[in-house]
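Chemist:
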Amino acid sequence: MRLPLSDLELGETAVIENVALPEAERQLLMRFGFFDGAEVRCSRRAPLGDPVVYSVDGSEVALRTETACRIFASPVDDKATREQKG
Amino acid sequence: MNPLLQIVASSTTRSQQQIRNVALIGPPNSGKTTLFNRLTNLRQKVGNYPGITVEQHTGVMALPGQEITIVDLPGVYGLNPYSEDERVAVNVLNGNMDGVPRPEAVLLVLDATNLTRHLSLAAPVIALGLPTLALLNMGDLLTRRSGSIDAVKLAGDLGIPVAIVSATMGTGLEAVGRFLECANSPIKTTLPIVQDVRECRKWAARVASESDYRPPLPPTWSRRLDDILLHKVWGPLVFMIVVGAVFQTVFGLGQPLSNALQDLLTDMGQKAAPFIANGFLRSLLLDGIWKGVTSVLVFLPQILVLFLFIGLLEDSGYLARAALIADRTMSFVGLNGKAFIPLLSAYSCAVPAIMASRTIENKRDRLATILIAPFMTCSARLPIYTLLIAAFIPERPVVGPFLGSRALAMLLLYVLGFVAAIGTAKMLKSSVLKSMPAPFVLELPEYRCPTLRSVGLRLMDRGRVFVQQAGTVILLVSLLVWGLTNLPLHQCQPPELEDSVVAHLGHLIEPAIRPLGFNWKIGVGLLTSVVAREVIVGTLGTLYGRDPQTRSVSLQSALQHDLTFSGAMALLVFFAFAMQCTSTLAVVRRETNSWMWPAIQFFYMTGVAFLAALVVHETLSVLN
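Protein sequences appear in the order of chains A and B. For reference, each letter of the first sequence is one residue, going 10 to 95 in the working numbering. For reference, each letter of the second sequence is one residue, going 20 to 643 in the working numbering.
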């Protein structure tokens, strides 16, 4: 199931499948670790709900919903990930 | 082998060439600036690259027997020319930047606790073929949080020497000197196509894992602090307390310090007076130069207090959280959260506020912030506000004992400035400064304890830039105004004020300001207060003091006799909007590196002020 990053629940992890943004923005986001195949966790929301902070590549990066809604990812079943890694 | 991999062709070794110029490059938040300060021991120069707004920092590093110039490049994640900062870095490294010699070696700073991500900058830098030393900064943090890296393996993979350092602690830095003594070009190694960010990322991940990189454990402290500081309820509460404290301190501590400095400097001028021959020279030195210079210097305490706060907030990592909390609100006017602190500090003084706008990376957002900042009610407006309100608005309780009519008038003037700022921002952001959809990406760095050294350095840096840059411009303008009050000469004597060029100018603009209810004296005040808003009070004092009719009364009652109520209100509104501040214009010129923006800002704000004052005067005249 593919959904935009902005739809992730708090604490949910997903693997990015497609960054549907213009090239310059894609490049910028890639520098922060948002690229196809990267694992992203929705770690917290700003007090007013937007932007949302994502854990990506060991750092915490905040994106506005307007950006996050154009990054598509498939959620990872947490249990499955743990088994894979373990 | 992956066809996308290429071989770096750089067989020429440069071991014999002496190194004089070195470039320091690294991603934002890699501790590059701290390292730069360490290496140069404060022997630095700040300027602008020609033609653009990017700041150029150069410093001198002393090695036994020679001195090396270090250029601190802007923090970049890559070398693709997407942003102005990256273009600057590329141009300097390729020797295509006017006035900056091509560096013979590169120091590449990477955050050891974030190595997988930061390593992707290594590929394009190594590909340049210059002798390069990779400095894995924050090595102490990596170890403390149980991470590790095999530096020897990493050096083998990258084909360049690698040193683990800590810029904050000052450890491991002797490697820089050793490297610069006998720097070699990178050994041939496989690198990805450097234009392809994704390939660089993959390559970085592979290199990191081959070098046995174990990332540090997540910073539990930071996460726990964020649980509070970004909490739904506590987050905004702490935010408001912090904001209140900044506002209160800049106002409550900076203002008295500014006043004390003003008294001290005036006193010094008066003490020096007897030692200078009376006449032309004394007038030039004291009224011209000294007054001009001191009118700038008095802003220094406020600037230093504000930057002390910004330094503490930024170095501790809280500024990024504040931007996150404020972003939602700021987005309503088309700006992002990073514009919040500059606009807040503009309530004290637009000069430091405009300097603080550097934390906004998006050029258009930064420009919009710079353009609206002077609308916020700065402390230089208070003298004229207080004078006119006291003279024309009778004190009456409005909201019981809590709010009187005078305080309400003051509050309304604050609101007026704020509304003008927001309206202008909205207008700019939906037209000329409409951003290309540059997404708001904000990295939340780990919380760190700010060091005295780095905060102190920042204060020195900002203070020096302010005194140097704004000081030279305001000095020239003050000299000009002084010259105009002393011309034309009659038998080698300066004229009476009424016969001076300034008075003629006052009469000249009188027809333009009469519809606002102002007379020629106010006109002269408007002219001189272009230097600084509070100057109008002094100018009016001098003018009414020379007038035989008002000589013996206070300025307040002189104004009551000479101005109508509607004219006084129009003058208040005029000052709420008008751009009467050379220091601000000088700083805007410096920060935007163009005369166009300060010119537009000046005419726009003065235009708005004129129209608003006209409307107020007409309306009140009709009502009366």
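All residues carry an ideal CB built from backbone N, CA and C; glycine is no exception.
Thinking Leu134(B) and Ile168(B) are a contact (beta carbons under 8 Å), I'd like their distance in whole angstroms, please.
Modeler: If you number the second sequence from 1, residue 134(B) lands on position 115. If you number the second sequence from 1, residue 168(B) lands on position 149. Sure, about 7 Å apart at Cβ, within 8 Å.
Chemist: Is it the case that the segment 215 to 234 of chain B contacts the segment 293 to 304 of chain B, given that we only count it when at least three CB pairs across the two stretches are under 8 Å?
Modeler: With a cut-off of 8 Å, the segment 215 to 234 of chain B and the segment 293 to 304 of chain B do not count as touching, because too few Cβ pairs lie within range.
Chemist: Classify Ala618(B): buried if its beta carbon has 16 or more other beta carbons within 10 angstroms, exposed otherwise.
Modeler: The sequence position of residue 618(B) within the second sequence is 599, counting from 1. Ala618(B) should be labelled exposed.
Chemist: Check this for me: beta carbons of Val607(B) and Gln620(B), under 8 Å apart or not?
Modeler: In the second sequence, counting from the first residue as 1, residue 607(B) sits at position 588. In the second sequence, counting from the first residue as 1, residue 620(B) sits at position 601. In contact: Val607(B) and Gln620(B) (Cβ atoms closer than 8 Å).
Chemist: Closer than 7 Å, Cβ to Cβ, to anything on chain A: give me those residues from the segment 79 to 96 of chain B, in chain order.
Modeler: Tyr96
Chemist: Using only CA atoms, which one of Ile308(B), Leu406(B), Val635(B), Lys448(B) lies nearest to Ser350(B)?
Modeler: Against the second sequence, residue 350(B) aligns to sequence position 331. Ranking Ile308(B), Leu406(B), Val635(B), Lys448(B) by Cα distance to Ser350(B) puts Lys448(B) first.
Chemist: How would you list, in chain order, the residues of chain B whose beta-carbon sits under 8 Å from the beta-carbon of Val76(A)?
Modeler: Taking the first sequence and counting its residues from 1, one reaches residue 76(A) at position 67. Just to set this straight, residue 76(A) is Thr in the shown sequence, not Val. Result: Pro458, Phe459, Val460.
Chemist: Measuring only the C-alpha atoms, how far is Thr53(B) from Val181(B)?
Modeler: For the purposes of this step, residue 53(B) is identified with residue 34 of the second sequence, where counting begins at 1. For the purposes of this step, residue 181(B) is identified with residue 162 of the second sequence, where counting begins at 1. One C-alpha to the other measures close to 19 Å.
Chemist: What is the DSSP secondary structure of Ile412(B), reduced to helix, strand or coil?
Modeler: Position 393 of the second sequence holds residue 412(B). Looking at Ile412(B) - three-state DSSP - the assignment turns out to be coil, as it is neither helix nor strand.
Chemist: How close, in whole Å, do the beta carbons of Val358(B) and Ile379(B) come, if the pair is a contact with beta carbons under 8 Å?
Modeler: In the second sequence, residue 358(B) corresponds to position 339, counting from 1. In the second sequence, residue 379(B) corresponds to position 360, counting from 1. The amino acid at residue 358(B) is misidentified as Val; the sequence shows Ala. With a Cβ gap of about 6 Å, Ala358(B) and Ile379(B) count as contacting.
Chemist: Just to confirm, is the Cβ distance from Leu535(B) to Phe594(B) under 8 Å?
Modeler: Against the second sequence, residue 535(B) aligns to sequence position 516. Against the second sequence, residue 594(B) aligns to sequence position 575. Result no, Cβ atoms of Leu535(B) and Phe594(B) do not sit closer than 8 Å.
Chemist: Please confirm if Lys94(A) has its CB atom under 8 Å from at least one CB of chain B.
Modeler: Residue 94(A) sits at position 85 when you count from the first residue of the first sequence. Residue placement at Lys94(A) is poorly supported in this model, since its pLDDT is 48, which falls under 50; the coordinates are not used for a value here.
Chemist: Do the CB positions of Arg340(B) and Leu248(B) come within less than 8 Å of each other?
Modeler: For the purposes of this step, residue 340(B) is identified with residue 321 of the second sequence, where counting begins at 1. For the purposes of this step, residue 248(B) is identified with residue 229 of the second sequence, where counting begins at 1. Yes, the Cβ-Cβ distance between Arg340(B) and Leu248(B) is below 8 Å.
Chemist: Would you mind giving the Cβ-Cβ distance between Glu26(A) and Arg11(A), rounded to the nearest angstrom? I have them listed as a contact below 8 Å.
Modeler: Along the first sequence, one-based indexing puts residue 26(A) at 17. Along the first sequence, one-based indexing puts residue 11(A) at 2. Confirmed, about 6 Å.
Chemist: From this set, Gly475(B), Val226(B), Pro320(B), which residue's C-alpha is nearest Leu272(B)'s C-alpha?
Modeler: Taking the first residue of the second sequence as position 1, residue 272(B) is located at position 253. With distances taken between Cα atoms, Leu272(B) lies closest to Pro320(B).
Chemist: Measuring alpha carbon to alpha carbon, tell me which residue in Met188(B), Gly84(B), Gln85(B), Leu92(B) is nearest Thr77(B).
Modeler: The residue labelled residue 77(B) in the question sits at position 58 within the second sequence. Comparing Cα-Cα distances from Thr77(B) to each of Met188(B), Gly84(B), Gln85(B), Leu92(B), the minimum goes to Leu92(B).
Chemist: Can you pull the chain A residues whose beta carbon is under 7 Å from the beta carbon of Asn133(B), in chain order?
Modeler: Residue 133(B) sits at position 114 when you count from the first residue of the second sequence. Gly67, Ser68, listed in chain order.
Chemist: Applying a beta-carbon distance threshold of less than 7 Å, which residues of chain A neighbour Pro255(B)?
Modeler: What you label residue 255(B) is simply residue 236 of the second sequence in a count that begins at 1. Those within 7 Å of Pro255(B) in chain A are Pro56.
Chemist: Under three-state DSSP, which class holds Ala82(A)?
Modeler: Within the first sequence, residue 82(A) is the residue found at index 73, counting from 1. If DSSP states are grouped into helix, strand and coil, Ala82(A) belongs with the strands.
Chemist: Using CA atoms only, rank isn't needed, just tell me which of Ala227(B), Leu160(B), Val125(B) is closest to Val171(B).
Modeler: Taking the first residue of the second sequence as 1, we reach residue 171(B) at position 152. For the residues Ala227(B), Leu160(B), Val125(B), the minimum Cα distance to Val171(B) belongs to Ala227(B).
Chemist: Within 10 angstroms of the Cβ of Glu86(B), are there 16 or more other Cβ atoms? Answer buried if so, exposed if not.
Modeler: Taking the second sequence and counting its residues from 1, one reaches residue 86(B) at position 67. Glu86(B) is exposed by the Cβ-count criterion.
Chemist: Looking at C-beta atoms only, is the number of pairs between the segment 331 to 338 of chain B and the segment 422 to 439 of chain B that lie closer than 8 Å three or more?
Modeler: no
Chemist: Assuming Leu17(A) and Arg54(A) are in contact, meaning their beta carbons sit under 8 Å apart, how far apart are those beta carbons, in whole angstroms?
Modeler: Taking the first residue of the first sequence as position 1, residue 17(A) is located at position 8. Taking the first residue of the first sequence as position 1, residue 54(A) is located at position 45. The pair is not a contact, with the Cβ atoms about 11 Å apart (cut-off 8 Å).
Chemist: Go to Pro211(B), then tell me how far its beta strand (DSSP E) extends in each direction, as first and last residue.
Modeler: In the second sequence, the residue the question calls residue 211(B) occupies position 192. Residues 209 to 211.
Chemist: In three-state DSSP terms, what is Glu462(B)?
Modeler: One-based indexing of the second sequence puts residue 462(B) at position 443. Glu462(B) falls in the strand class under three-state DSSP.
Chemist: What residue range does the alpha helix (DSSP H) around Ala153(B) cover?
Modeler: The sequence position of residue 153(B) within the second sequence is 134, counting from 1. Segment 151 to 156 is the beta strand (DSSP E) holding Ala153(B); no alpha helix (DSSP H) there.
Chemist: Taking the beta carbon of Met287(B) as the centre, do at least 16 other beta carbons fall within 10 Å, making it buried, or is it exposed?
Modeler: Counting from 1 along the second sequence, the entry for residue 287(B) is found at position 268. So Met287(B) ends up on the exposed side.
Chemist: Is it right to say Lys382(B) is buried, meaning 16 or more other beta carbons lie within 10 angstroms of its own, or is it exposed?
Modeler: The residue given as residue 382(B) occupies position 363 in the second sequence. So Lys382(B) counts as buried.
Chemist: According to DSSP, what are the bridge partners of Tyr63(A)?
Modeler: To locate residue 63(A), count along the first sequence from 1; it is residue 54. Per the DSSP secondary-structure output, Tyr63(A) pairs in a beta bridge with Cys51(A), Val70(A).
Chemist: Threshold first: 4 residues or longer. Then list the alpha helix (DSSP H) segments lying entirely within the segment 582 to 612 of chain B, N to C.
Modeler: If we require 4 residues or more, the alpha helix (DSSP H) runs fully inside the segment 582 to 612 of chain B come out as 584 to 596, 601 to 611.
Chemist: Just reading off the beta strand (DSSP E) that Thr187(B) is part of, what are its end residues?
Modeler: Here residue 187(B) refers to the residue found at position 168 when the second sequence is read from its first residue. First-last for Thr187(B): undefined, no H or E at that position.
Chemist: Check His76(B) in the structure and name its three-state DSSP category.
Modeler: Position 57 of the second sequence holds residue 76(B). In the displayed model, His76(B) falls within a strand according to three-state DSSP.
Chemist: Cβ of Leu452(B) less than 8 Å from any chain A Cβ?
Modeler: As a position in the second sequence, residue 452(B) is number 433, starting the count at 1. No, no contact with chain A.
Chemist: Do you know how far the Cα of Leu503(B) is from the Cα of Cys2(B)?
Modeler: In the structure as shown, chain B starts at 20 and stops at 643, and residue 2(B) therefore has no counterpart that could be examined.
Chemist: Using CA atoms only, rank isn't needed, just tell me which of Ala223(B), Thr132(B), Asn203(B) is closest to Asp176(B).
Modeler: For the purposes of this step, residue 176(B) is taken as the residue at position 157 of the second sequence. Selected option, being the one with the closest Cα: Ala223(B).
Chemist: Measure from the C-beta of Ala71(A) to each C-beta in chain B and report whether the shortest distance is under 8 Å.
Modeler: In the first sequence, counting from the first residue as 1, residue 71(A) sits at position 62. Closer than 8 Å: yes.
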